[in-house]
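In UniProt numbering, the protein residues as written are 1 to 252.
C-beta: ideal position from N, C-alpha, C; glycine also.
What follows is a single structure, written as structure tokens, with notes after it.
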Amino acid sequence: MALPLLAYKPTAPNHRVRSFGISDQNEDTPYIYRTENVSSPEELRQLIWAAYRQVFNEQLVLRFNRQVTLETRLANGSITVRDFIRELAKSERFYTLVVGVNDNYRLVEVCLKRLLGREPYNQDEKIAWSIKIGTLGFHGFVDALVDSEEYTQNFGDSTVPYQRKRMQNRPFTFLPRYGEDYQEVAGTATTDWRITLEKFYTRKFQDRQLPEGDPRRFRDVAAAIAPKGNYAQRISAFDIDYLNKVPVRGRR
């Protein structure tokens, strides 16, 4: 049985600030993308791009991050915007870019910003949602966020999530895909696959994996001490004068 979400109290002043787009309109007010406002293929494309920007944290949509099948299903009405956001967050690309390089606390922070449009209220909320990741797995955690009452009240089935709260450092949706702890080791042998390939496919590494006594462990030594000359002379059968080898009667 799944554990219920731990109770926590919003202690940050951010939660008491009025959300964007309620009454006042200014340069900080985000443009809200809804399927109800889509009346042309171009407007649908803009909505899809907005979803990619929100979930994948991109200003430009990269080709290898696109989920063409999901785009087609959204275009023909097979899925809602809520389902589109859900599947983008569950995609293999999102897992590679975000989930695989962050711990659970950082993952909670990233997903709350991108799926609910706000920062975590406090450390207690991070702990509560990280327990959900530990008990339900990441896909279950995404479902819990997207199916939550907060998501339903603010975005429903047809609205692309957007930044809802005013923050000092905005926009906060465009943040690094991994935290400072990972940034310190990024590009090292533990994270860069090119270094890993160089490590595991070198001759020295392969020789260390051979069992003790295997002659292949000593091929470099043997090559170093191998004689450079005095090889046995190769003689073809056509080079032998067989007539001189045959004894002649009367010859001594």
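Limits of the unbroken alpha helix (DSSP H) element including residue i
{"i": "E212", "result": "Counting along the chain, E212 falls outside any alpha helix (DSSP H), and DSSP gives it neither H nor E."}
{"i": "S130", "result": "Q123 to V146"}
{"i": "Y33", "result": "Unbroken run through Y33: none, as it is neither H nor E."}
{"i": "V108", "result": "N104 to C111"}
{"i": "P41", "result": "P41 to F56"}
{"i": "E150", "result": "E149 to N154"}
{"i": "V101", "result": "Premise fails: V101 is in no alpha helix (DSSP H) and is neither H nor E."}
Rounded separation between residue i and residue j - CA only
{"i": "E150", "j": "R63", "result": "32 Å"}
{"i": "I22", "j": "C111", "result": "Residue placement at I22 is flagged as unreliable, the pLDDT there being 48, under the threshold of 50; the coordinate-derived value follows with that caveat. Using only the alpha carbons, I get a separation of about 24 Å."}
{"i": "G77", "j": "E92", "result": "23 Å"}
{"i": "L145", "j": "R216", "result": "56 Å"}
{"i": "R45", "j": "Y105", "result": "33 Å"}
{"i": "E109", "j": "T135", "result": "18 Å"}
{"i": "R208", "j": "G100", "result": "30 Å"}
{"i": "R118", "j": "S158", "result": "19 Å"}
{"i": "I133", "j": "G140", "result": "7 Å"}
{"i": "Q67", "j": "L88", "result": "8 Å"}
{"i": "R219", "j": "W49", "result": "57 Å"}
{"i": "R34", "j": "N57", "result": "19 Å"}
{"i": "Y121", "j": "P211", "result": "56 Å"}
Assigned exposure category for residue i - 16 Cβ within 10 Å defines buried
{"i": "L74", "result": "buried"}
{"i": "Y31", "result": "exposed"}
{"i": "A51", "result": "buried"}
Beta carbon proximity, residue i to chain D, threshold 8 Å
{"i": "D220", "result": "No chain D is part of this structure, which consists of one protein chain only."}
Per DSSP, cross-strand counterpart(s) of residue i
{"i": "T159", "result": "R34"}
Can you list, in chain order, the stretches of the alpha helix (DSSP H) that have 4 or more residues and sit fully within the region 71-97? 81-90 and 92-97
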